[in-house]
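Structure first, commentary second.
There are 2 protein chains.
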Amino acid sequence: MSSSGGRGAVTMHDVAALAGVSVKTVSNVVNDYPHIRPATREKVQKAIDELGYRMNLSARSLRQGRTGIIGLALPELSLPYFAELADSVIRAAEARGVVVLIEQTGADRQHELDVLTSDRRQLTDGLIFSPLELGPDDADALKVDYPLVVLGERIFGGDWDHVTMNNVDAARAATQHLIDQGRRRIAVIGAHAGETMGSAALRVLGYQAALAANGIPLDPDLIVEGGLWHRATGAECIDHLVGTGVEFDAVFGLNDALALGALHALHARGIDVPDTVAVIGFDDIEDAAYTSPTLSSISPGREQIAQEAVDLLLARIAGGDEAFRRVIADFALVPRESTGS
Amino acid sequence: MSSSGGRGAVTMHDVAALAGVSVKTVSNVVNDYPHIRPATREKVQKAIDELGYRMNLSARSLRQGRTGIIGLALPELSLPYFAELADSVIRAAEARGVVVLIEQTGADRQHELDVLTSDRRQLTDGLIFSPLELGPDDADALKVDYPLVVLGERIFGGDWDHVTMNNVDAARAATQHLIDQGRRRIAVIGAHAGETMGSAALRVLGYQAALAANGIPLDPDLIVEGGLWHRATGAECIDHLVGTGVEFDAVFGLNDALALGALHALHARGIDVPDTVAVIGFDDIEDAAYTSPTLSSISPGREQIAQEAVDLLLARIAGGDEAFRRVIADFALVPRESTGS
DNA sequence: GGACGCATGTGCAACGTTGTAAATCCTAGC
DNA sequence: GCTAGGATTTACAACGTTGCACATGCGTCC
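Here it is, written out as structure tokens:
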């Protein structure tokens with residue numbers, strides 16, 4: 051009856067007493083120590099089952115200096131890309147026997163800094179960190195004394211493991227796709243002025259490279275600023291573009307949320323997608339396949355990113371090799387209706 | 051320089067030694083024990099700062115029997131409703147000084163049962179559980195010996211706290227809204243045959259009530275089954291409806307994902323929304339405001355649900371009152387373009 | 001026949017913190 | 001100056017587990 055749970059205080063001592071062995075033997079059984087006679091193992095297992103024993107993880111953590119918890123710090127779960135990323139990270143972690151503590155930074159720089167030194171780091175064996183606001187100037191803050199894996203592009207070349215994607219090439223592919231459809235006046239929305247690093251800057255770089263490779267002149271009026279990559283921002287960018295009267299026949303949203311906001315705003319103004327304006331996004335969130343029209347996008351290999359990140363972190367936690375690694379995930383162009391496919 | 055972090059082993063003993071007090075005094079300072087001389091407190095604080103001391107939370111947990119972590123079990127984060135719910139729960143928890151461990155059940159019954167008895171329950175002080183597949187027969191499994199707050203409708207009247215919404219009334223309001231727009235052939239998508247409990251059954255009940263109240267006959271052909279409430283299912287439901295040739299001028303998606311899938315499928319078939327077919331969803335996910343056309347929905351008071359759930363759980367963890375409570379969150383109709391607003 | 005070596009099981013201490021109860025310090029009251 | 005009584009501080013044990021070093025048991029090799 052007593053069920054399990056933990057509150058109810060059945061410890062290794064109880065199991066040991068019932069099985070007639072020492073506490074340490076129970077510990078050995080639980081931890082799959084190899085040298086145990088089958089009979090003993092069975093006896094102990096029976097006692098465990100009978101009492102509904104569950105390991106006290108706090109005690110184990112105290113003793114081992116490990117919690118079996120990894121942290122995942124990201125901007126916010128209500129952004130679909132990060133929700134899907136979290137989903138993948140949790141699955142990957144579960145497959146490897148650890149659990150995930152999620153912290154939201156709200157894309158606030160101070161909050162991102164805080165997360166690195168929070169008391170909670172003491173509760174996790176390591177951190178997978180996806181910063182949005184930290185820049186090269188904050189590199190020092192990332193020199194932490196616990197295992198850290200950084201996702202994304204904001205800060206290069208520090209002493210930590212890094213999982214990223216080739217933003218430049220991916221953005222170039224997205225832009226090239228628009229060009230292949232015959233578009234020449236391609237707007238980019240969500241740019242971050244003044245940044246030379248980070249996803250925004252790199253993706254704009256890829257955009258420029260594609261234009262250059264096709265001999266299309268760069269029109270600064272087609273590059274629209276947009277701080278937060280939310281749907282609302284995407285809509286505002288379109289409003290801005292239309293407001294300035296600049297001509298455009300395609301929109302490259304630096305992420306899908308921006309592109310979705312753009313779709314929305316274009317639709318509201320009666321501008322046909324893709325006939326009048328083609329739209330492509332970046333991230334390939336689940337939504338992209340269900341909008342009207344469906345949204346072309348760049349699939350960033352989210353699953354791969356999540357798994358690599360967890361693997362790198364666990365390797366770092368386990369100790370061993372010293373070299374910090376950079377993993378670059380694969381991307382793929384996913385053409386859909388919004389670019390006429 | 052040594053920064054903080056925790057790996058690096060500075061304990062209360064170190065602080066005590068540096069400050070020239072006992073370990074317990076350090077503990078007292080850290081825990082804001084009232085009777086400490088200001089001079090002592092200052093001395094200790096200085097030592098703490100100097101050494102960059104951080105409390106070892108595993109040790110504290112072991113000693114106190116509490117971890118400061120609460121669990122949140124939900125189907126999957128890639129479903130926008132649950133991502134947004136998780137966002138709200140994490141915020142609410144943070145405001146109250148606890149952190150959240152998320153477990154995904156994948157909407158699998160066995161996985162939902164496992165989560166209740168998992169070793170991880172030992173790591174959390176309590177659980178907020180949003181089951182999708184458990185039914186009344188599983189009520190016994192929910193009789194656990196740790197603090198539990200159940201979200202949603204699947205299982206009523208057990209010995210646990212419950213945060214829910216009035217699904218029947220909300221569904222009735224959604225249906226009534228469609229009727230108010232002059233619709234009479236209203237399809238429902240995502241129904242679960244044979245269930246008498248759970249969101250699906252209750253929302254269908256509200257749908258039926260609205261029809262009855264307006265003297266509209268119930269046509270079973272307009273009630274379309276749909277197990278998983280994903281976008282893909284919503285699209286399939288529309289395909290099914292169209293396939294059977296049954297006439298309809300409105301669709302009530304039992305959640306927004308279904309409704310979004312329906313919008314998609316209707317668009318693909320060239321059926322105009324809302325002129326030919328009006329569509330309403332349920333959950334009011336962020337997406338609903340950005341689709342084309344924007345999606346009318348029922349806002350379930352997600353923020354309120356999250357806060358109440360965390361508050362109930364923390365109250366239960368703190369002990370105290372014995373009576374199990376049921377909180378019913380408010381809902382609101384949010385009319386948008388998809389119903390002609 | 002004795003010793004060696006591996007398989008198996010055990011006792012003890014320690015992980016870092018906090019509850020308890022008791023020690024010590026002060027200040028006011030006489 | 002002396003003492004009661006609250007304010008402060010402290011020593012000790014215990015939370016449940018595991019690493020370590022060691023004890024025991026047993027088959028095998030010379």
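In the order they appear, the protein sequences are chains A and B. If you read the first sequence in our numbering, its first letter stands for residue 51, the second for the next number, and so on. If you read the second sequence in our numbering, its first letter stands for residue 51, the second for the next number, and so on. Ideal Cβ placement from N, Cα and C applies to all residues, glycine included. These numbers were taken from a predicted model, which means no experiment stands behind them.
Go ahead and pull the three-state DSSP assignment for residue i.
{"i": "Arg141/A", "result": "helix"}
{"i": "His242/B", "result": "coil"}
{"i": "Phe132/B", "result": "helix"}
{"i": "Arg329/B", "result": "Note that residue 329/B is Val in the sequence shown, not Arg. The answer is strand: DSSP assigns Val329/B an E or B state."}
{"i": "Gly121/A", "result": "strand"}
{"i": "Ser342/A", "result": "coil"}
{"i": "Ser249/A", "result": "helix"}
{"i": "Ala59/B", "result": "coil"}
{"i": "Gly303/B", "result": "strand"}
{"i": "Val397/B", "result": "There is no way to answer for residue 397/B, as the model of chain B reaches only from 51 to 391."}
{"i": "Ser54/A", "result": "Any reading at Ser54/A must be qualified, since the residue scores a pLDDT of 32, below 50, and its modelled position is unreliable; no value is offered."}
{"i": "Leu383/A", "result": "strand"}
{"i": "Leu68/A", "result": "helix"}
{"i": "Gln154/B", "result": "strand"}
{"i": "Ala89/B", "result": "helix"}
{"i": "Val149/B", "result": "strand"}
{"i": "Ala373/B", "result": "coil"}
{"i": "Ile266/B", "result": "coil"}
{"i": "Ile321/A", "result": "coil"}
{"i": "Ile335/A", "result": "coil"}
{"i": "Gly176/A", "result": "strand"}
Let me check understanding here. Comparing Cα to Cα, which of the options lies closest to residue i?
{"i": "Ser180/B", "options": "Asp187/B, Gly156/B, Gly102/B", "result": "Gly156/B"}
{"i": "Leu228/A", "options": "Val200/A, Asp190/A, Val329/A", "result": "Val329/A"}
{"i": "Glu245/A", "options": "Thr75/A, Ala382/A, Leu182/A, Glu153/A", "result": "Leu182/A"}
{"i": "Glu275/A", "options": "Phe302/A, Ile152/A, Gln160/A, Val65/A", "result": "Phe302/A"}
{"i": "Gly277/A", "options": "Ala285/A, Gly265/A, Val292/A", "result": "Ala285/A"}
{"i": "Ala307/B", "options": "Ala243/B, Arg91/B, Trp279/B", "result": "Trp279/B"}
{"i": "Val384/A", "options": "Arg141/A, His242/A, Gln95/A, Gly351/A", "result": "Gly351/A"}
{"i": "Gly176/A", "options": "Asp187/A, Asp211/A, Gly185/A, Pro186/A", "result": "Asp211/A"}
{"i": "Gln154/B", "options": "Ile288/B, Ser128/B, Tyr340/B", "result": "Ser128/B"}
{"i": "Ala262/A", "options": "Arg222/A, His290/A, Gly248/A, Leu310/A", "result": "Arg222/A"}
{"i": "Gly240/A", "options": "Tyr131/A, Pro267/A, Ala259/A, Gly311/A", "result": "Gly311/A"}
{"i": "Val150/A", "options": "Ile288/A, Val139/A, Asp158/A, Gln160/A", "result": "Val139/A"}
{"i": "Glu203/B", "options": "Leu192/B, Asp209/B, Asp190/B, Gly185/B", "result": "Gly185/B"}
{"i": "Asp325/A", "options": "Glu387/A, Ser108/A, Asp334/A", "result": "Glu387/A"}
{"i": "Ala220/B", "options": "Val73/B, Asp333/B, Met105/B", "result": "Asp333/B"}
{"i": "Ala40/A", "options": "Val323/A, Ala224/A, Asp158/A", "result": "The structure shown does not extend to residue 40/A, since chain A is modelled only from 51 to 391, so the question has no answer here."}
Identify the contact partners of residue i in chain A, using a Cβ-Cβ distance below 7 Å as the criterion.
{"i": "Val165/B", "result": "Near Val165/B there are no residues of chain A at all, since even the closest Cβ is about 11 Å away, more than 7 Å."}
{"i": "Glu100/B", "result": "Correct list: empty, because the minimum Cβ distance to chain A is about 16 Å."}
Shorter than 6 Å, the distance from the beta carbon of residue i to the closest heavy atom of the ligand FAD, or not?
{"i": "Gly351/B", "result": "The model on display carries no ligand, and the ligand FAD is accordingly not part of it."}
Note the first and the last residue of the continuous beta strand (DSSP E) segment covering residue i.
{"i": "Val200/A", "result": "198 to 201"}
{"i": "Val377/B", "result": "376 to 379"}
{"i": "Glu275/B", "result": "273 to 275"}
Chain A partners of residue i, CB-CB under 8 Å?
{"i": "Glu126/B", "result": "Asp137"}
{"i": "Met105/B", "result": "Asp169, Gln172"}
{"i": "Leu272/B", "result": "In chain order: nothing, as chain A lies at least about 23 Å away."}
In chain B, which residues lie less than 9 Å from residue i when you measure between Cβ atoms?
{"i": "Gln154/A", "result": "Asp137, Ile140, Arg141, Glu144"}
{"i": "Thr117/A", "result": "Leu107, Ser108, Leu173"}
{"i": "Glu134/A", "result": "Leu127, Ser128, Ala133"}
What is the residue span of the alpha helix (DSSP H) that residue i lies within?
{"i": "Ser349/B", "result": "Run containing Ser349/B: none in the alpha helix (DSSP H); it sits in the beta strand (DSSP E), 347 to 349."}
{"i": "Gln160/A", "result": "159 to 167"}
{"i": "His290/B", "result": "281 to 294"}
{"i": "Ser391/A", "result": "Counting along the chain, Ser391/A falls outside any alpha helix (DSSP H), and DSSP gives it neither H nor E."}
Starting from the beta carbon of residue i, find every residue of chain B whose beta carbon is closer than 7 Å, and list them in chain order.
{"i": "His317/A", "result": "Ser342"}
{"i": "Leu311/A", "result": "It should be pointed out that residue 311/A corresponds to Gly in this sequence rather than to Leu. Going along chain B in sequence order, the residues near Gly311/A (Cβ under 7 Å) are Tyr340."}
At 8 Å on the CB atoms, spell out the chain B contacts of residue i, in chain order.
{"i": "Gln336/A", "result": "Rather than Gln, the amino acid found at residue 336/A in this sequence is Glu. Within 8 Å Cβ-Cβ: Ser128, Arg281."}
{"i": "Val150/A", "result": "Leu151, Ile152"}
I want to verify the contact list: residues of chain A whose CB lies under 9 Å from the CB of residue i, in sequence order.
{"i": "His314/B", "result": "Ala339, Tyr340, Thr341, Ser342, Thr344"}
Inter-stretch contact (C-beta, 8 Å, three-pair minimum) for the stretch 359 to 378 of chain A and the stretch 338 to 348 of chain A: No, the stretch 359 to 378 of chain A does not touch the stretch 338 to 348 of chain A.
Any 3 or more C-beta pairs closer than 8 Å across the stretch 109 to 126 of chain A and the stretch 161 to 178 of chain A: Contact holds: three or more Cβ-Cβ distances are below 8 Å.
Inter-stretch contact at 8 Å, needing at least 3 Cβ pairs: the stretch 307 to 327 of chain B / the stretch 350 to 363 of chain B: At 8 Å Cβ cutoff, the stretches do not touch.
contact_flag[the stretch 214 to 227 of chain A, the stretch 188 to 197 of chain A] where n(CB pairs < 8 Å) is 3 or more: As far as the Cβ criterion goes, the stretch 214 to 227 of chain A does not touch the stretch 188 to 197 of chain A, which means the pair count is below three.
The stretch 78 to 96 of chain A in contact with the stretch 81 to 101 of chain B per 3-pair CB rule at 8 Å: Touching, no.
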